[in-house]
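For the sequence shown, the residue numbers in this note's numbering are 388 to 837.
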Amino acid sequence: MANYDYDLFTIGGGSGGVRAARFAANLGVKVALAEERYLGGTCVNVGCIPKKLFSYASHFSEEFADAEGFGWKLEKPQFNWQTLIANKDREIKRLNGIYEQLLKNSGVTIFSEHAEIIDEHTVEVANIRYTAEKILIATGGWPYVPDFPGSEYAITSNEAFYLKELPASIVIVGGGYIAVEFAGIFNGLGCEAHQIYRGPMFLRGFDLDAAKFLAAQMEGKGIDLRLNSEVSSIKKVDDGYQVLLDSGERIDTDLVMYATGRTPMTDGLGLEACGILVDSNNAIIVDRNYRTNCSSIYAIGDVTNRINLTPVALAEGMALVAHLYQKAEKSVSYEYIPCAVFSNPNLASVGYDEESARQKFGEIIVYQSSFRALKHTLTDNDEKTFMKLIVNPKNDKVIGAHMVGPDAGESVQGIAIALKAGATKKIFDQTIGIHPTSGEEWVTMREPTI
Ligand code: NDP
């Protein structure tokens, strides 16, 4: 049997890589992990965590205004961007330290360097070669900005987390999670926010009614949403940027941010050394056990560009370790994965949207409701909440649940368990609500809309 330096060499210290490395090492596997940038990856450093902290920060402006309806009188609140950034940075540093400690406590050897695959059992780090029985690629993704005149002036979410100053105005391009979330964040922090999306409705792939409802709420909060609109060029001027749209309109702004997707991070990885296959989006192709076409090399998480969410990468890391070192098949179930867009208000979803449900099941029953939450009855805030259930009439199972409203993610996380368990509409109807909550609407929608 060949003698290797390591049993498992993991490249990438984000959600998936750290989880797999740690769990494997805890089983007695000899593991090394190379991370050239920051432990915790996108999620901890320039993704989920700082984004949610920014999202909390941005909600306070409405909370202060709402408080007046409940009798609170406040001096005009002042926001300090530098304080938010410093506090966020401190928390991220703490989390980096926790990730490092978790790896060390599990016995994982950490290299804070770039790693390149030399052959199917060899990795090079800082000019030194190490052998490993298996190699795991978990290098994640990187923001993608299309090429056009002035594209070099656009920042991405990576930079948005480290801006020295809060801009007075911003143009955000894109209609996915990141664009919608940051439009809400900058708007809530007091910036003039413009969002440009090329299609007829943003959040393509989400339930169309939910997306439309969110768009109306965002516009109600003052976001300038331009649909069916594309940027032709960005010009730098003395006091900011001129963004020219394909309609011929021009927006003058302090900052332009592109959130037009992310591409798998494979630069300098040495994939060609082993002929590792990638798809047309540069995503590493793997089989159901996360194995590439090279039998000793595996890949999980965003670098495989399937469902690019932290909890999915974590689940894939654990499934891989179970498969490789516990001889157990714990395959990840990709059905009914819930998700939330931390827009203002949040949009959360599990299961089929109406259009894809119709395509798959033919006939469906839809229940839908929108209402003004009790909290807003004493305020000037006219934000509304939206909920929608999609039912398969053949077996009464609820196959989709969609919500737009405060903390929608918290509510839909619970609903996801019900859908995963195969709950029928009858079970929803038999469930007693918690009064008064928005969530009780899930179990009181009686009349189908379609
Ligand atoms: P998404 O893939 O979600 O969205 C990309 C957006 O950019 C789409 O609206 C797309 O339009 C648009 N777009 C793509 N190319 C161009 C172009 N050339 N010109 C104009 N528009 C373009 O990417 P994000 O960057 O928002 O997020 C990346 C991934 O990160 C997400 O898919 C998600 O998996 C993950 N994420 C998850 C979060 C969460 O769980 N809350 C938060 C943030 C990110 P079109 O729809 O027309 O293709």
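Even glycine gets a Cβ: it sits at the ideal position worked out from N, Cα and C.
For His581, the closest of Arg693, Val618 and Asp666 by C-alpha to C-alpha distance is Val618. Rounded to the nearest whole angstrom, the CA to CA distance from Asn474 to Lys812 is 45 Å. Excluding residues up to 5 positions away in sequence, Gln629, Val630 and Leu631 lie with their Cβ nearer than 8 Å to the Cβ of Arg637 in the same chain. Around the Cβ of Gly562, a 10 Å sphere holds 16 or more other Cβ atoms; the residue is buried. In this structure Thr429 touches Gly527 by the C-beta definition: roughly 5 Å separates them, less than 8 Å. For the 8 Å CB-CB criterion, Asp394 and Glu520 form a contact. Within the same chain, Cβ atoms closer than 7 Å to the Cβ of Asn669 are found at Thr650, Pro651 and Thr653, the five residues on either side in sequence being excluded. Residue burial is scored here from C-beta neighbours: Leu576 has at least 16 other C-beta atoms within 10 angstroms and is therefore classed as buried. In this structure, DSSP gives Asn432 a helical state, which the three-state scheme calls helix. For the options Arg693, Trp459 and Glu507, the alpha carbon positioned closest to that of Gly662 is the one of Glu507. Contact check between the stretch 797-804 and the stretch 725-745: three or more CB pairs, one atom from each, fall below 8 Å, which counts as touching.
Here DSSP, grouped into helix, strand and coil, assigns Asp674 to coil.
For Lys771, the CB contacts under 6 Å within the same chain, skipping 5 residues up- and downstream, are Ser757 and Arg759 in chain order. DSSP places Thr496 inside the beta strand (DSSP E), whose first and last residues are Thr496 to Phe498. Restricting attention to Lys784, Ala408, Ser683 and Gly792, the CA atom closest to the CA of Ala727 is found in Gly792. Listed in chain order, the alpha helix (DSSP H) runs fully inside the stretch 722-779 are 741-748, counting runs of at least 4 residues.
Where Ser402 is concerned, there is no enclosing beta strand (DSSP E), although the alpha helix (DSSP H) around it starts and stops at Ser402 to Asn413. If you draw a straight line from the Cα of Asn574 to the Cα of Gly609, it comes to about 7 Å.
Rounded to the nearest whole angstrom, the CA to CA distance from Glu659 to Asn676 is 21 Å.
The beta carbon of Tyr549 sits no closer than 7 Å to any heavy atom of the ligand NDP. Per DSSP, the unbroken beta strand (DSSP E) holding Ser620 starts and ends at Val618 to Val624.
Each of Asp767, Ile786, Ala525 and Leu664 was checked against the Cα of Gln746, and the nearest Cα belongs to Ile786.
Here Arg591 is exposed, its C-beta having fewer than 16 other C-beta atoms within 10 Å. The three-state secondary structure of Arg424, taken from DSSP, is coil. Lys717 and Met705 do touch by the CB rule: their CB atoms are close to 7 Å apart, below 8 Å.
Contact check for Val495 against Leu420 passes: the beta carbons are separated by less than 8 Å. Contact annotation: the stretch 551-560 does not touch the stretch 680-689, with fewer than three C-beta pairs closer than 8 Å.
DSSP, reduced to helix, strand and coil, places Leu395 within a strand of the structure shown. With a threshold of 7 Å, the Cβ atom of Cys726 counts as near the ligand NDP, since some heavy atom of the ligand is closer than that. Distance from the Cα of Gln465 is smallest, within the candidate group Ser448, Trp829 and Ile542, for Ser448. As summarised for the stretch 603-661, there are no continuous alpha helix (DSSP H) elements at least 4 residues long confined to that stretch.
DSSP, read as helix, strand or coil, puts Lys812 in helix. Short of 6 Å from the beta carbon of Val512, and not among the five residues preceding or following it, lie these beta carbons of its own chain, in chain order: Ala421, Phe498, Glu500 and Ala502. Taking the Cβ of Pro533 as the reference point, at least one heavy atom of the ligand NDP falls within a distance shorter than 7 Å. Bridge partners of Leu523 according to DSSP: Thr397 and Tyr685. Ranked by Cα distance from Asp392, the first of Ile671, Val510 and Leu761 is Val510.
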